[in-house]
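> Numbering (the UniProt record's numbering), first residue to last: 1 to 191.
We put the CB at the ideal spot given by N, CA and C, even for glycine.
Got a structure for you, written out below as C-alpha coordinates; questions coming shortly.
Structure (C-alpha coordinates):
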(Lines of atoms letter the chains of each structure in order from A and count residues from 1; the text may use other names and numbers.)
(Lines give C-alpha, C1' and ligand atoms only; values in the text may rest on other atoms or scores of the structure.)
Protein backbone atom coordinates (compact mmCIF):
# COMPACT_ATOMS: atom_id res chain seq x y z
CA UNK A 1 0.00 0.00 0.00
CA UNK A 2 2.79 2.39 0.93
CA UNK A 3 4.57 1.68 -2.38
CA UNK A 4 1.35 2.33 -4.31
CA UNK A 5 0.84 5.68 -2.61
CA UNK A 6 4.49 6.59 -3.22
CA UNK A 7 4.24 5.69 -6.90
CA UNK A 8 1.05 7.73 -7.33
CA UNK A 9 2.60 10.68 -5.49
CA UNK A 10 5.71 10.56 -7.70
CA UNK A 11 3.61 10.37 -10.87
CA UNK A 12 1.52 13.36 -9.79
CA UNK A 13 4.63 15.40 -9.10
CA UNK A 14 6.29 14.45 -12.38
CA UNK A 15 3.19 14.88 -14.54
CA UNK A 16 2.32 18.18 -12.87
CA UNK A 17 5.64 19.77 -13.83
CA UNK A 18 6.72 20.84 -17.29
CA UNK A 19 9.75 18.56 -16.90
CA UNK A 20 9.08 15.05 -18.16
CA UNK A 21 11.52 12.46 -16.88
CA UNK A 22 13.06 10.33 -19.66
CA UNK A 23 13.95 7.73 -17.03
CA UNK A 24 10.46 7.10 -15.77
CA UNK A 25 7.76 8.14 -18.15
CA UNK A 26 4.91 8.21 -15.64
CA UNK A 27 2.32 9.64 -17.95
CA UNK A 28 -0.52 7.27 -17.29
CA UNK A 29 -2.35 5.45 -14.56
CA UNK A 30 -1.13 2.18 -16.12
CA UNK A 31 2.52 3.23 -15.64
CA UNK A 32 1.82 4.10 -12.02
CA UNK A 33 0.03 0.80 -11.50
CA UNK A 34 2.89 -1.13 -13.12
CA UNK A 35 5.47 0.54 -10.88
CA UNK A 36 3.39 -0.15 -7.79
CA UNK A 37 3.30 -3.87 -8.74
CA UNK A 38 7.03 -4.04 -9.56
CA UNK A 39 9.05 -5.96 -6.98
CA UNK A 40 12.26 -3.99 -7.58
CA UNK A 41 11.37 -0.75 -5.84
CA UNK A 42 11.60 2.75 -7.29
CA UNK A 43 15.38 3.17 -6.83
CA UNK A 44 16.17 -0.08 -8.65
CA UNK A 45 13.62 0.70 -11.39
CA UNK A 46 15.32 4.04 -12.05
CA UNK A 47 18.78 2.47 -11.99
CA UNK A 48 17.68 -0.27 -14.42
CA UNK A 49 16.08 2.29 -16.74
CA UNK A 50 19.32 4.30 -16.83
CA UNK A 51 21.27 1.15 -17.78
CA UNK A 52 18.71 0.29 -20.46
CA UNK A 53 18.76 3.81 -21.97
CA UNK A 54 22.59 3.88 -22.01
CA UNK A 55 22.76 0.59 -23.92
CA UNK A 56 20.01 1.66 -26.34
CA UNK A 57 21.91 4.88 -27.02
CA UNK A 58 25.10 2.91 -27.72
CA UNK A 59 23.19 0.62 -30.09
CA UNK A 60 21.81 3.64 -31.94
CA UNK A 61 25.35 4.98 -32.43
CA UNK A 62 26.76 1.64 -33.67
CA UNK A 63 26.72 0.77 -37.37
CA UNK A 64 24.73 -2.38 -38.29
CA UNK A 65 22.89 -2.46 -34.93
CA UNK A 66 19.31 -1.30 -34.56
CA UNK A 67 16.94 -0.79 -31.64
CA UNK A 68 14.20 -2.03 -34.00
CA UNK A 69 15.72 -5.51 -33.98
CA UNK A 70 17.11 -5.67 -30.44
CA UNK A 71 15.23 -5.41 -27.16
CA UNK A 72 17.23 -4.37 -24.12
CA UNK A 73 15.88 -5.27 -20.69
CA UNK A 74 17.60 -4.46 -17.41
CA UNK A 75 16.45 -5.93 -14.10
CA UNK A 76 18.48 -5.69 -10.91
CA UNK A 77 21.53 -4.85 -13.04
CA UNK A 78 21.12 -7.99 -15.15
CA UNK A 79 20.84 -7.12 -18.83
CA UNK A 80 18.93 -9.21 -21.36
CA UNK A 81 19.69 -8.67 -25.04
CA UNK A 82 16.92 -10.17 -27.17
CA UNK A 83 16.59 -9.97 -30.93
CA UNK A 84 18.34 -10.39 -34.27
CA UNK A 85 21.67 -9.31 -35.75
CA UNK A 86 23.20 -9.75 -39.22
CA UNK A 87 26.28 -11.73 -38.17
CA UNK A 88 28.38 -12.98 -35.25
CA UNK A 89 30.58 -9.86 -35.28
CA UNK A 90 27.49 -7.73 -34.63
CA UNK A 91 26.48 -10.06 -31.81
CA UNK A 92 29.89 -9.64 -30.18
CA UNK A 93 29.70 -5.84 -30.66
CA UNK A 94 26.32 -5.87 -28.93
CA UNK A 95 27.57 -7.93 -25.99
CA UNK A 96 30.63 -5.69 -25.60
CA UNK A 97 28.41 -2.58 -25.60
CA UNK A 98 26.48 -4.01 -22.68
CA UNK A 99 29.64 -5.22 -20.88
CA UNK A 100 31.13 -1.73 -21.06
CA UNK A 101 28.08 -0.06 -19.52
CA UNK A 102 28.34 1.02 -15.90
CA UNK A 103 25.96 -0.80 -13.57
CA UNK A 104 25.69 -4.00 -15.61
CA UNK A 105 26.30 -7.00 -13.35
CA UNK A 106 25.45 -9.83 -15.73
CA UNK A 107 24.44 -10.28 -19.38
CA UNK A 108 22.13 -12.89 -20.89
CA UNK A 109 21.34 -13.07 -24.57
CA UNK A 110 18.80 -14.52 -26.91
CA UNK A 111 20.22 -13.28 -30.20
CA UNK A 112 19.53 -15.00 -33.52
CA UNK A 113 21.13 -14.28 -36.86
CA UNK A 114 18.73 -12.57 -39.25
CA UNK A 115 17.22 -15.01 -41.70
CA UNK A 116 14.19 -14.88 -43.96
CA UNK A 117 11.49 -16.53 -41.91
CA UNK A 118 7.80 -17.20 -42.14
CA UNK A 119 6.98 -15.18 -39.02
CA UNK A 120 5.60 -11.84 -40.16
CA UNK A 121 4.29 -8.83 -38.28
CA UNK A 122 0.67 -10.05 -38.32
CA UNK A 123 1.77 -13.48 -37.05
CA UNK A 124 3.75 -11.86 -34.23
CA UNK A 125 0.85 -9.57 -33.33
CA UNK A 126 -1.56 -12.53 -33.26
CA UNK A 127 0.77 -14.57 -31.02
CA UNK A 128 1.42 -11.61 -28.72
CA UNK A 129 -2.29 -10.85 -28.37
CA UNK A 130 -3.17 -14.49 -27.63
CA UNK A 131 -0.45 -14.99 -25.02
CA UNK A 132 -1.11 -11.64 -23.31
CA UNK A 133 -4.84 -12.41 -23.18
CA UNK A 134 -4.15 -15.86 -21.71
CA UNK A 135 -1.80 -14.45 -19.07
CA UNK A 136 -4.13 -11.63 -18.06
CA UNK A 137 -7.14 -13.95 -17.78
CA UNK A 138 -5.26 -16.52 -15.66
CA UNK A 139 -6.07 -15.84 -11.98
CA UNK A 140 -2.92 -17.72 -10.89
CA UNK A 141 -0.48 -15.37 -12.67
CA UNK A 142 0.22 -11.71 -11.99
CA UNK A 143 1.05 -10.80 -15.59
CA UNK A 144 1.91 -7.16 -14.84
CA UNK A 145 5.65 -7.87 -14.64
CA UNK A 146 5.87 -10.30 -17.57
CA UNK A 147 7.29 -9.00 -20.86
CA UNK A 148 6.89 -10.93 -24.09
CA UNK A 149 9.45 -10.69 -26.89
CA UNK A 150 9.10 -12.44 -30.25
CA UNK A 151 12.18 -13.42 -32.26
CA UNK A 152 11.60 -15.42 -35.45
CA UNK A 153 8.39 -17.01 -34.05
CA UNK A 154 10.12 -17.87 -30.76
CA UNK A 155 8.60 -16.44 -27.57
CA UNK A 156 11.03 -15.06 -25.00
CA UNK A 157 9.73 -14.02 -21.57
CA UNK A 158 11.46 -11.46 -19.37
CA UNK A 159 10.36 -9.85 -16.13
CA UNK A 160 9.44 -11.40 -12.81
CA UNK A 161 6.94 -13.87 -11.41
CA UNK A 162 6.26 -14.92 -7.85
CA UNK A 163 6.77 -18.68 -8.25
CA UNK A 164 8.19 -21.28 -10.60
CA UNK A 165 4.63 -22.51 -11.17
CA UNK A 166 3.76 -19.12 -12.68
CA UNK A 167 6.76 -19.37 -14.99
CA UNK A 168 5.64 -22.86 -16.06
CA UNK A 169 2.10 -21.59 -16.74
CA UNK A 170 3.44 -18.73 -18.89
CA UNK A 171 5.59 -21.17 -20.89
CA UNK A 172 2.60 -23.51 -21.26
CA UNK A 173 0.53 -20.71 -22.81
CA UNK A 174 3.36 -19.90 -25.22
CA UNK A 175 3.81 -23.53 -26.31
CA UNK A 176 0.04 -23.83 -26.86
CA UNK A 177 -0.22 -20.82 -29.14
CA UNK A 178 -0.48 -21.37 -32.89
CA UNK A 179 2.63 -20.35 -34.81
CA UNK A 180 5.05 -20.40 -31.87
CA UNK A 181 8.23 -22.32 -32.74
CA UNK A 182 9.73 -22.38 -29.26
CA UNK A 183 9.54 -20.58 -25.91
CA UNK A 184 12.26 -19.43 -23.50
CA UNK A 185 12.13 -17.85 -20.09
CA UNK A 186 14.41 -15.24 -18.58
CA UNK A 187 11.85 -14.63 -15.84
CA UNK A 188 13.12 -13.92 -12.33
CA UNK A 189 11.49 -16.21 -9.77
CA UNK A 190 10.91 -14.13 -6.65
CA UNK A 191 10.11 -16.96 -4.19
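Can you give me the Cβ contacts of residue 174 inside the same chain, cut-off strictly under 7 Å, excluding the 5 residues immediately before and after it?
So the list reads 131, 155, 180, 183, once near-sequence residues are dropped.
> Along the chain, where does the beta strand (DSSP E) containing residue 78 start, and where does it finish?
Element bounds for residue 78: 78-85.
> Going along the chain, which residues of its own chain have a beta-carbon closer than 7 Å to the beta-carbon of residue 62, five neighbours each way excluded?
Here the set comprises 93, 97.
> Looking at C-alpha atoms only, which residue of 139, 58, 75, 147 is the closest neighbour of residue 101?
Selected option, being the one with the closest Cα: 58.
> Flag this pair as yes or no: are the beta carbons of residue 85 and residue 52 separated by less than 8 Å?
No.
> I'd like the list of long-range same chain contacts for residue 171, defined as Cβ closer than 8 Å, with 5 residues on each side in sequence excluded.
If we look at residue 171 and ignore the five residues flanking it on each side, its Cβ neighbours are 157, 183, 185.
> May I have the straight-line CA-CA distance separating residue 42 from residue 163, to the nearest angstrom?
Roughly 22 Å between the two C-alpha positions.
> By a C-beta neighbour count over all protein chains shown, 10 Å radius and 16 as the cutoff for buried, is residue 136 buried or exposed?
By the 10 Å Cβ count, residue 136 comes out exposed.
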